[in-house]
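Asks:
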Amino acid sequence: MAGINNTQIVLIPKIEKVISCVTSVSYSVVMNGEVGDLFFLSRGLRQGDPISPYLYLICGEGVTPPTHDSLIFGDASINGAMVIKDILEVYVNCSGQEVNFDKSGIFSSSNVDQINREEVSRVLRVNQSLNLDKYLGFPSMVGHSKQKAFKELKEKVLKRVSSWSSRLLSIGGGRKLGKKGLHWCSWKELSVLKEEGGMGFRDLAKFNIALLAKQGWWFMENLSSLLARVLRAKYYNGVNFMEASLGAILSFVWKSIWCTKGFLGSGLKWRIGSGTSVSIWKDYWLPGKAQRSIATERVADLILNKPNHWNRDLIYSTFSVEEADQIISIPIPTTDQNDKVVWFSENSGIYSVKSGYKMLLETSNLSTNAQKIFKQIWSLECPSKIRILIWNL
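First residue of the sequence shown? That's 1 in full-length UniProt numbering, and the numbers climb one at a time after it.
(1) Quick check on this structure: which residue in K156, F138, K159 has the alpha carbon closest to the alpha carbon of A149?
(2) Got a sec? Which residues, its chain only, sit under 7 Å from I373 by beta carbon, not counting five neighbours each side?
(3) Kindly provide the ranges of any alpha helix (DSSP H) runs that are 4 or more residues long and lie completely inside the region 188-228, ordered along the chain.
(4) Please confirm if the region 210-222 is in contact with the region 260-273, defined as three or more CB-CB distances below 8 Å between the two stretches.
(5) Which same chain residues end up closer than 8 Å to N79 when comparing Cβ atoms and leaving out the 5 residues on each side of it in sequence?
(6) Roughly how many angstroms separate the alpha carbons of L231 and S352, rounded to a whole number?
(7) Output the distance between the C-alpha atoms of L360 and V92, rounded to the nearest integer angstrom.
(8) Rounded C-beta distance between D339 and S384? I'm assuming under 8 Å.
(9) Cutting at 8 Å between CB atoms, please list the residues of its own chain near S121, excluding the five before and the five after it.
(10) Give me, in chain order, the residues of the same chain whose beta-carbon lies closer than 7 Å to that of L314; leave out the 5 immediate sequence neighbours on both sides.
(11) Mapping DSSP to helix, strand and coil, what is T296?
(12) Which first and last residues belong to the alpha helix (DSSP H) in which W285 is found?
(13) Using three-state DSSP, classify I266 as helix, strand or coil.
(14) Is the beta carbon of R229 sitting closer than 9 Å to the one on G349?
(15) Could you check where the alpha helix (DSSP H) with K255 kicks off and where it finishes?
(16) Here's the rule: buried if 16 or more other CB atoms are within 10 angstroms of the residue's CB, otherwise exposed. What is G356?
(17) Express the C-alpha separation of N311 and I328 in angstroms, rounding to a whole number.
(18) So the candidates are L136, L124, V123, S140; which of them puts its Cα closest to the Cα of L130?
(19) How far does the beta strand (DSSP E) with V342 in it reach, from first residue to last?
(20) How would you write the range of the alpha helix (DSSP H) that C94 sits in, first residue to last?
(21) On the DSSP letters alone, give me the boundaries of the alpha helix (DSSP H) that V123 sits inside.
(22) Three-state secondary structure (DSSP) at E243?
(23) Going by beta carbon distance, what residues of the same chain come within less than 8 Å of M82, once the five residues before and after it are set aside?
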(Lines of atoms letter the chains of each structure in order from A; the text may use other names.)
(Lines give C-alpha, C1' and ligand atoms only; values in the text may rest on other atoms or scores of the structure.)
Protein backbone atom coordinates (compact mmCIF):
# COMPACT_ATOMS: atom_id res chain seq x y z
CA MET A 1 0.00 0.00 0.00
CA ALA A 2 1.18 3.48 -0.76
CA GLY A 3 2.57 5.23 2.27
CA ILE A 4 2.93 2.21 4.49
CA ASN A 5 6.74 2.48 4.32
CA ASN A 6 6.86 6.08 5.65
CA THR A 7 9.20 6.39 8.63
CA GLN A 8 9.06 9.03 11.35
CA ILE A 9 12.49 9.77 12.90
CA VAL A 10 12.65 11.17 16.42
CA LEU A 11 15.93 12.40 17.96
CA ILE A 12 16.20 11.86 21.70
CA PRO A 13 19.10 13.42 23.65
CA LYS A 14 21.49 10.93 25.21
CA ILE A 15 20.97 11.31 28.93
CA GLU A 16 20.91 8.69 31.61
CA LYS A 17 17.17 8.76 32.21
CA VAL A 18 15.43 9.25 28.90
CA ILE A 19 12.10 8.33 30.43
CA SER A 20 12.21 11.52 32.51
CA CYS A 21 11.94 13.54 29.28
CA VAL A 22 8.83 11.70 28.15
CA THR A 23 5.56 12.55 29.84
CA SER A 24 3.24 10.83 27.38
CA VAL A 25 3.70 9.23 23.99
CA SER A 26 0.99 9.12 21.35
CA TYR A 27 0.93 7.19 18.13
CA SER A 28 -0.83 7.36 14.80
CA VAL A 29 -0.98 4.98 11.86
CA VAL A 30 -0.37 6.06 8.26
CA MET A 31 -2.54 4.15 5.79
CA ASN A 32 -2.52 4.99 2.09
CA GLY A 33 -0.79 8.28 2.80
CA GLU A 34 -3.40 9.44 5.33
CA VAL A 35 -2.51 9.93 9.00
CA GLY A 36 -5.03 8.47 11.40
CA ASP A 37 -6.12 9.72 14.81
CA LEU A 38 -3.71 9.75 17.75
CA PHE A 39 -3.93 7.04 20.38
CA PHE A 40 -1.97 6.03 23.48
CA LEU A 41 -0.45 2.68 24.33
CA SER A 42 -0.81 1.20 27.78
CA ARG A 43 1.08 -2.01 27.07
CA GLY A 44 2.76 -3.62 24.06
CA LEU A 45 6.00 -3.80 22.08
CA ARG A 46 8.72 -1.32 22.96
CA GLN A 47 11.97 -0.17 21.42
CA GLY A 48 14.60 -2.88 21.78
CA ASP A 49 12.06 -5.69 22.01
CA PRO A 50 13.36 -8.59 19.86
CA ILE A 51 9.87 -9.16 18.47
CA SER A 52 9.37 -5.61 17.17
CA PRO A 53 11.32 -6.09 13.87
CA TYR A 54 8.95 -8.90 12.94
CA LEU A 55 5.81 -6.88 13.57
CA TYR A 56 6.12 -4.99 10.30
CA LEU A 57 6.83 -8.20 8.38
CA ILE A 58 3.79 -9.95 9.83
CA CYS A 59 1.54 -7.01 8.97
CA GLY A 60 3.07 -6.72 5.51
CA GLU A 61 2.40 -10.37 4.72
CA GLY A 62 -1.18 -10.08 5.90
CA VAL A 63 -1.98 -6.85 4.07
CA THR A 64 -0.10 -7.44 0.82
CA PRO A 65 0.21 -11.18 0.11
CA PRO A 66 2.44 -11.90 -2.91
CA THR A 67 0.71 -13.19 -6.00
CA HIS A 68 3.65 -13.86 -8.29
CA ASP A 69 4.08 -17.26 -9.95
CA SER A 70 0.32 -17.79 -10.26
CA LEU A 71 -1.57 -19.85 -12.83
CA ILE A 72 -5.05 -18.61 -13.78
CA PHE A 73 -7.28 -20.98 -15.75
CA GLY A 74 -10.16 -19.78 -17.87
CA ASP A 75 -12.22 -20.24 -21.00
CA ALA A 76 -10.32 -19.43 -24.19
CA SER A 77 -12.86 -16.88 -25.40
CA ILE A 78 -13.50 -13.14 -25.26
CA ASN A 79 -15.99 -13.57 -22.39
CA GLY A 80 -13.52 -15.71 -20.45
CA ALA A 81 -10.77 -13.14 -20.98
CA MET A 82 -13.07 -10.33 -19.79
CA VAL A 83 -13.87 -12.25 -16.60
CA ILE A 84 -10.16 -12.71 -15.83
CA LYS A 85 -9.50 -9.04 -16.59
CA ASP A 86 -12.27 -7.92 -14.21
CA ILE A 87 -10.93 -10.18 -11.45
CA LEU A 88 -7.42 -8.75 -11.84
CA GLU A 89 -8.76 -5.18 -11.75
CA VAL A 90 -10.63 -5.87 -8.52
CA TYR A 91 -7.49 -7.35 -7.00
CA VAL A 92 -5.39 -4.33 -8.05
CA ASN A 93 -7.89 -1.89 -6.54
CA CYS A 94 -8.09 -3.82 -3.26
CA SER A 95 -4.42 -4.68 -2.72
CA GLY A 96 -2.62 -1.77 -4.35
CA GLN A 97 -0.44 -4.19 -6.31
CA GLU A 98 0.01 -4.01 -10.06
CA VAL A 99 0.08 -6.99 -12.41
CA ASN A 100 3.28 -7.16 -14.47
CA PHE A 101 1.90 -8.02 -17.89
CA ASP A 102 5.38 -7.87 -19.43
CA LYS A 103 6.31 -11.03 -17.49
CA SER A 104 2.95 -12.70 -18.07
CA GLY A 105 2.00 -15.04 -20.86
CA ILE A 106 -0.96 -16.94 -22.29
CA PHE A 107 -0.72 -20.65 -23.03
CA SER A 108 -3.53 -22.43 -24.87
CA SER A 109 -4.16 -26.06 -25.64
CA SER A 110 -3.96 -27.40 -29.16
CA ASN A 111 -7.78 -27.45 -29.36
CA VAL A 112 -8.00 -23.63 -29.34
CA ASP A 113 -7.97 -22.07 -32.80
CA GLN A 114 -5.68 -19.19 -33.69
CA ILE A 115 -8.50 -16.62 -33.86
CA ASN A 116 -9.53 -17.19 -30.24
CA ARG A 117 -5.92 -17.10 -29.13
CA GLU A 118 -5.38 -13.70 -30.72
CA GLU A 119 -8.65 -12.32 -29.29
CA VAL A 120 -7.75 -13.42 -25.75
CA SER A 121 -4.26 -11.98 -26.12
CA ARG A 122 -5.71 -8.67 -27.34
CA VAL A 123 -8.21 -8.35 -24.48
CA LEU A 124 -5.68 -9.15 -21.75
CA ARG A 125 -2.79 -7.39 -23.52
CA VAL A 126 -0.55 -10.37 -22.84
CA ASN A 127 1.68 -12.12 -25.37
CA GLN A 128 1.08 -15.72 -26.34
CA SER A 129 3.52 -18.44 -25.24
CA LEU A 130 4.23 -21.61 -27.16
CA ASN A 131 5.09 -23.43 -23.93
CA LEU A 132 5.14 -22.68 -20.22
CA ASP A 133 8.41 -21.52 -18.70
CA LYS A 134 10.29 -23.65 -16.21
CA TYR A 135 9.61 -23.22 -12.52
CA LEU A 136 12.54 -23.67 -10.13
CA GLY A 137 14.40 -25.48 -12.90
CA PHE A 138 11.63 -28.01 -13.54
CA PRO A 139 9.25 -28.11 -16.50
CA SER A 140 5.82 -26.68 -15.68
CA MET A 141 4.14 -29.23 -17.95
CA VAL A 142 5.27 -32.84 -18.22
CA GLY A 143 3.03 -34.26 -20.93
CA HIS A 144 2.92 -37.92 -21.94
CA SER A 145 6.69 -38.48 -22.06
CA LYS A 146 8.46 -38.00 -18.74
CA GLN A 147 11.80 -38.94 -20.29
CA LYS A 148 11.49 -36.15 -22.83
CA ALA A 149 10.35 -33.60 -20.24
CA PHE A 150 13.20 -34.26 -17.81
CA LYS A 151 15.89 -35.12 -20.36
CA GLU A 152 17.54 -31.70 -20.16
CA LEU A 153 17.59 -31.77 -16.35
CA LYS A 154 19.15 -35.25 -16.34
CA GLU A 155 21.86 -34.14 -18.77
CA LYS A 156 22.76 -31.16 -16.57
CA VAL A 157 23.09 -33.35 -13.48
CA LEU A 158 25.23 -35.94 -15.29
CA LYS A 159 27.44 -33.22 -16.74
CA ARG A 160 28.12 -31.79 -13.31
CA VAL A 161 28.69 -35.15 -11.63
CA SER A 162 31.02 -36.36 -14.39
CA SER A 163 33.33 -33.42 -13.74
CA TRP A 164 33.88 -34.59 -10.15
CA SER A 165 36.61 -36.97 -9.12
CA SER A 166 36.49 -39.47 -6.29
CA ARG A 167 40.05 -38.50 -5.42
CA LEU A 168 38.74 -35.12 -4.29
CA LEU A 169 36.39 -36.63 -1.72
CA SER A 170 37.60 -37.09 1.84
CA ILE A 171 35.87 -39.25 4.38
CA GLY A 172 35.12 -36.21 6.50
CA GLY A 173 33.60 -34.32 3.61
CA GLY A 174 31.93 -37.32 2.07
CA ARG A 175 28.62 -36.68 3.75
CA LYS A 176 28.37 -33.04 2.64
CA LEU A 177 29.64 -33.68 -0.87
CA GLY A 178 27.53 -36.82 -1.16
CA LYS A 179 24.42 -34.70 -0.91
CA LYS A 180 25.55 -32.85 -4.02
CA GLY A 181 26.01 -35.84 -6.27
CA LEU A 182 28.81 -38.32 -5.55
CA HIS A 183 28.91 -40.90 -2.79
CA TRP A 184 31.76 -43.14 -1.76
CA CYS A 185 29.56 -46.06 -0.63
CA SER A 186 26.67 -47.80 -2.33
CA TRP A 187 23.56 -45.63 -2.26
CA LYS A 188 21.58 -48.49 -0.72
CA GLU A 189 23.94 -48.48 2.25
CA LEU A 190 23.92 -44.70 2.59
CA SER A 191 20.12 -44.47 2.56
CA VAL A 192 19.71 -46.80 5.54
CA LEU A 193 18.63 -45.09 8.77
CA LYS A 194 21.48 -43.99 11.03
CA GLU A 195 20.33 -46.14 13.93
CA GLU A 196 20.41 -49.15 11.60
CA GLY A 197 23.96 -48.67 10.36
CA GLY A 198 23.52 -46.25 7.46
CA MET A 199 24.05 -42.52 7.08
CA GLY A 200 20.42 -41.47 6.92
CA PHE A 201 20.30 -40.20 3.32
CA ARG A 202 16.82 -40.32 1.85
CA ASP A 203 15.98 -42.83 -0.83
CA LEU A 204 14.53 -40.39 -3.36
CA ALA A 205 12.22 -42.90 -5.03
CA LYS A 206 10.67 -44.02 -1.73
CA PHE A 207 10.53 -40.48 -0.39
CA ASN A 208 8.66 -39.43 -3.52
CA ILE A 209 6.10 -42.17 -2.87
CA ALA A 210 5.69 -40.93 0.70
CA LEU A 211 5.08 -37.39 -0.57
CA LEU A 212 2.54 -38.53 -3.17
CA ALA A 213 0.74 -40.68 -0.58
CA LYS A 214 0.25 -37.49 1.44
CA GLN A 215 -1.91 -36.18 -1.41
CA GLY A 216 -3.95 -39.39 -1.44
CA TRP A 217 -4.50 -39.04 2.30
CA TRP A 218 -5.58 -35.44 1.70
CA PHE A 219 -8.26 -36.61 -0.77
CA MET A 220 -9.73 -38.94 1.87
CA GLU A 221 -9.62 -36.45 4.75
CA ASN A 222 -10.63 -33.27 2.89
CA LEU A 223 -13.50 -34.31 0.67
CA SER A 224 -14.72 -30.72 0.23
CA SER A 225 -11.40 -29.30 -1.00
CA LEU A 226 -11.37 -27.96 -4.56
CA LEU A 227 -8.71 -30.38 -5.82
CA ALA A 228 -10.44 -33.40 -4.27
CA ARG A 229 -13.79 -32.41 -5.80
CA VAL A 230 -12.27 -31.87 -9.26
CA LEU A 231 -10.40 -35.19 -9.33
CA ARG A 232 -13.33 -37.07 -7.81
CA ALA A 233 -15.68 -35.71 -10.47
CA LYS A 234 -13.33 -36.79 -13.25
CA TYR A 235 -11.77 -40.05 -12.05
CA TYR A 236 -13.64 -41.69 -9.15
CA ASN A 237 -17.14 -40.26 -8.93
CA GLY A 238 -19.37 -42.33 -6.64
CA VAL A 239 -16.55 -44.18 -4.83
CA ASN A 240 -13.79 -43.24 -2.41
CA PHE A 241 -10.15 -42.74 -3.33
CA MET A 242 -9.07 -46.24 -2.26
CA GLU A 243 -11.66 -47.79 -4.61
CA ALA A 244 -10.84 -45.52 -7.57
CA SER A 245 -9.73 -46.99 -10.88
CA LEU A 246 -6.93 -45.50 -12.95
CA GLY A 247 -9.12 -44.64 -15.92
CA ALA A 248 -8.31 -44.31 -19.61
CA ILE A 249 -7.71 -40.59 -20.20
CA LEU A 250 -5.61 -39.54 -17.24
CA SER A 251 -3.12 -36.90 -16.22
CA PHE A 252 0.43 -37.40 -14.99
CA VAL A 253 -0.52 -36.01 -11.56
CA TRP A 254 -3.47 -38.36 -11.10
CA LYS A 255 -1.50 -41.41 -12.23
CA SER A 256 1.33 -40.60 -9.80
CA ILE A 257 -1.04 -40.21 -6.83
CA TRP A 258 -3.15 -43.23 -7.81
CA CYS A 259 -0.07 -45.48 -7.82
CA THR A 260 0.37 -44.91 -4.06
CA LYS A 261 -2.96 -46.57 -3.18
CA GLY A 262 -1.34 -49.92 -2.47
CA PHE A 263 1.19 -48.45 -0.08
CA LEU A 264 -1.35 -46.15 1.55
CA GLY A 265 -3.78 -48.99 2.06
CA SER A 266 -1.13 -51.08 3.82
CA GLY A 267 -0.92 -48.49 6.59
CA LEU A 268 -4.62 -47.72 7.06
CA LYS A 269 -6.85 -49.10 9.77
CA TRP A 270 -10.37 -48.34 10.89
CA ARG A 271 -10.84 -46.61 14.23
CA ILE A 272 -14.05 -48.09 15.59
CA GLY A 273 -16.87 -45.73 16.49
CA SER A 274 -20.34 -47.14 15.99
CA GLY A 275 -19.00 -50.00 13.86
CA THR A 276 -21.73 -49.62 11.23
CA SER A 277 -19.27 -48.67 8.45
CA VAL A 278 -16.73 -51.44 9.07
CA SER A 279 -16.94 -54.99 7.79
CA ILE A 280 -15.75 -57.64 10.23
CA TRP A 281 -13.82 -59.68 7.66
CA LYS A 282 -13.30 -57.35 4.71
CA ASP A 283 -11.98 -54.15 6.29
CA TYR A 284 -8.72 -53.64 8.20
CA TRP A 285 -9.56 -52.90 11.82
CA LEU A 286 -7.75 -55.50 13.94
CA PRO A 287 -4.16 -54.94 15.11
CA GLY A 288 -1.61 -56.99 13.22
CA LYS A 289 -2.07 -58.76 9.90
CA ALA A 290 -4.92 -58.36 7.43
CA GLN A 291 -8.16 -60.19 8.06
CA ARG A 292 -9.78 -62.81 5.85
CA SER A 293 -12.09 -61.51 3.15
CA ILE A 294 -15.04 -63.92 3.14
CA ALA A 295 -18.07 -62.08 4.56
CA THR A 296 -19.63 -58.64 4.95
CA GLU A 297 -20.98 -58.58 8.54
CA ARG A 298 -20.46 -55.30 10.35
CA VAL A 299 -18.44 -54.67 13.49
CA ALA A 300 -21.58 -53.07 14.93
CA ASP A 301 -22.97 -56.60 15.31
CA LEU A 302 -20.27 -57.24 17.92
CA ILE A 303 -21.14 -54.17 20.01
CA LEU A 304 -23.83 -53.92 22.68
CA ASN A 305 -25.40 -50.51 23.23
CA LYS A 306 -26.25 -48.34 26.23
CA PRO A 307 -23.44 -47.99 27.04
CA ASN A 308 -21.36 -49.24 24.12
CA HIS A 309 -19.24 -52.28 24.99
CA TRP A 310 -18.05 -55.43 23.28
CA ASN A 311 -20.29 -58.51 23.23
CA ARG A 312 -17.71 -60.79 24.80
CA ASP A 313 -19.82 -63.97 24.58
CA LEU A 314 -20.43 -63.53 20.85
CA ILE A 315 -16.82 -62.58 20.13
CA TYR A 316 -15.24 -65.55 21.94
CA SER A 317 -17.72 -67.95 20.35
CA THR A 318 -17.02 -66.62 16.83
CA PHE A 319 -13.26 -65.96 16.78
CA SER A 320 -10.16 -67.72 18.00
CA VAL A 321 -8.89 -66.81 21.45
CA GLU A 322 -6.04 -64.73 20.00
CA GLU A 323 -8.34 -62.77 17.69
CA ALA A 324 -10.95 -62.35 20.41
CA ASP A 325 -8.37 -60.91 22.80
CA GLN A 326 -7.31 -58.42 20.13
CA ILE A 327 -10.91 -57.32 19.58
CA ILE A 328 -11.61 -56.89 23.29
CA SER A 329 -8.45 -54.77 23.65
CA ILE A 330 -9.70 -52.25 21.07
CA PRO A 331 -11.24 -49.25 22.87
CA ILE A 332 -14.65 -48.09 21.69
CA PRO A 333 -16.38 -44.80 22.61
CA THR A 334 -19.18 -45.00 25.14
CA THR A 335 -21.30 -42.71 22.95
CA ASP A 336 -22.19 -43.13 19.29
CA GLN A 337 -19.45 -41.86 16.96
CA ASN A 338 -18.70 -42.39 13.29
CA ASP A 339 -16.07 -44.89 12.20
CA LYS A 340 -12.90 -43.29 10.84
CA VAL A 341 -9.95 -44.43 8.74
CA VAL A 342 -6.62 -43.66 10.47
CA TRP A 343 -2.91 -44.11 9.79
CA PHE A 344 -1.82 -46.63 12.41
CA SER A 345 1.87 -45.63 12.37
CA GLU A 346 1.01 -42.29 14.00
CA ASN A 347 -0.58 -41.94 17.43
CA SER A 348 -2.67 -39.08 16.08
CA GLY A 349 -3.96 -41.26 13.26
CA ILE A 350 -2.95 -38.64 10.68
CA TYR A 351 -0.63 -39.59 7.85
CA SER A 352 2.78 -37.91 7.77
CA VAL A 353 5.51 -38.08 5.14
CA LYS A 354 8.03 -39.03 7.83
CA SER A 355 6.10 -42.07 9.03
CA GLY A 356 5.23 -43.05 5.46
CA TYR A 357 8.86 -42.92 4.34
CA LYS A 358 9.99 -44.88 7.39
CA MET A 359 7.43 -47.56 6.59
CA LEU A 360 8.71 -47.81 3.01
CA LEU A 361 12.25 -48.55 4.16
CA GLU A 362 13.21 -52.16 4.56
CA THR A 363 13.11 -53.56 8.07
CA SER A 364 16.55 -53.90 9.59
CA ASN A 365 17.92 -57.21 10.82
CA LEU A 366 20.20 -55.50 13.33
CA SER A 367 19.87 -56.36 16.99
CA THR A 368 18.73 -53.79 19.54
CA ASN A 369 22.28 -53.50 20.93
CA ALA A 370 23.68 -52.73 17.47
CA GLN A 371 21.07 -50.03 16.94
CA LYS A 372 21.99 -48.45 20.29
CA ILE A 373 25.65 -48.36 19.25
CA PHE A 374 24.87 -46.54 16.00
CA LYS A 375 22.64 -44.08 17.85
CA GLN A 376 25.48 -43.33 20.26
CA ILE A 377 27.90 -42.78 17.36
CA TRP A 378 25.68 -40.21 15.65
CA SER A 379 24.89 -38.44 18.93
CA LEU A 380 28.56 -37.83 19.80
CA GLU A 381 29.42 -34.16 20.35
CA CYS A 382 32.34 -33.97 17.94
CA PRO A 383 32.98 -32.83 14.35
CA SER A 384 31.04 -34.64 11.64
CA LYS A 385 34.20 -36.06 10.08
CA ILE A 386 35.03 -37.85 13.36
CA ARG A 387 31.57 -39.42 13.57
CA ILE A 388 31.77 -40.49 9.91
CA LEU A 389 35.24 -41.98 10.50
CA ILE A 390 33.97 -44.02 13.47
CA TRP A 391 30.95 -45.16 11.44
CA ASN A 392 33.23 -46.19 8.55
CA LEU A 393 35.33 -48.33 10.86
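Every residue gets a Cβ at the ideal spot worked out from N, C-alpha and C, and that includes glycine.
Replies: A quick look at the data gives this:
(1) Here residue 149 is taken as the residue at index 149 of the sequence shown, counted from 1. Closest option to A149, Cα to Cα, is F138.
(2) Position 373 of the sequence shown, counted from the first residue, corresponds to residue 373. Exclusion of the five residues before and after I373 leaves no residue of its chain whose Cβ lies closer than 7 Å to its Cβ.
(3) DSSP runs (the alpha helix (DSSP H)) wholly in the region 188-228: 204-221.
(4) Touching, yes.
(5) Along the sequence shown, read from residue 1 onward, the residue named residue 79 stands at position 79. Within the same chain, no Cβ atom closer than 8 Å to the Cβ of N79 is found once the five residues on either side in sequence are excluded.
(6) Taking the first residue of the sequence shown as 1, we reach residue 231 at position 231. Taking the first residue of the sequence shown as 1, we reach residue 352 at position 352. Cα-Cα distance, rounded: 22 Å.
(7) The residue labelled residue 360 in the question sits at position 360 within the sequence shown. The residue labelled residue 92 in the question sits at position 92 within the sequence shown. Distance between the alpha carbons of L360 and V92 is about 47 Å.
(8) Within the sequence shown, residue 339 is the residue found at index 339, counting from 1. Within the sequence shown, residue 384 is the residue found at index 384, counting from 1. Actually they do not touch by this definition, with Cβ atoms about 48 Å apart.
(9) In the sequence shown, residue 121 corresponds to position 121, counting from 1. Same-chain partners within the cutoff: I106, N127, Q128.
(10) The residue you call residue 314 lines up with position 314 of the sequence shown. These residues qualify, in order along the chain: L302.
(11) Your numbering for residue 296 matches position 296 in the sequence shown. Low local confidence applies: a pLDDT of 43 at T296 is under 50, so the model's placement there is unreliable, and no value is given.
(12) Stepping through the sequence shown from its first residue, residue 285 is reached at position 285. Neither: W285 is in no alpha helix (DSSP H) and is coded neither H nor E.
(13) Translated into the one-based positions of the sequence shown, residue 266 becomes position 266. In the sequence as displayed, the identity of residue 266 is Ser instead of Ile. Helix.
(14) On the sequence shown, position 229 is the one that residue 229 refers to. On the sequence shown, position 349 is the one that residue 349 refers to. Taking 9 Å as the Cβ cut-off, R229 and G349 do not qualify as a contacting pair.
(15) Taking the sequence shown and counting its residues from 1, one reaches residue 255 at position 255. Start and end: 252-258.
(16) On the sequence shown, position 356 is the one that residue 356 refers to. With 16 or more Cβ atoms within 10 Å of its Cβ, G356 is classed as buried.
(17) Here the question's residue 328 lines up with position 328 in the sequence shown. Here the question's residue 311 lines up with position 311 in the sequence shown. If you take the alpha carbons of I328 and N311, they lie about 9 Å apart.
(18) Reading the sequence shown from its first residue, position 130 is the one you call residue 130. Taking the Cα of L130 as reference, the smallest distance to any Cα among L136, L124, V123, S140 is reached at S140.
(19) In the sequence shown, the residue the question calls residue 342 occupies position 342. Counting along the chain, the unbroken beta strand (DSSP E) around V342 starts and ends at 340-343.
(20) As a working mapping, residue 94 is identified with position 94 in the sequence shown. C94 -> alpha helix (DSSP H) spans 78-95.
(21) Here residue 123 refers to the residue found at position 123 when the sequence shown is read from its first residue. Unbroken alpha helix (DSSP H) run through V123: 114-124.
(22) Here residue 243 is taken as the residue at index 243 of the sequence shown, counted from 1. Correct three-state label for E243: helix.
(23) Sequence index remark: in the sequence shown, residue 82 carries index 82 (1-based). So the list reads V123, once near-sequence residues are dropped.
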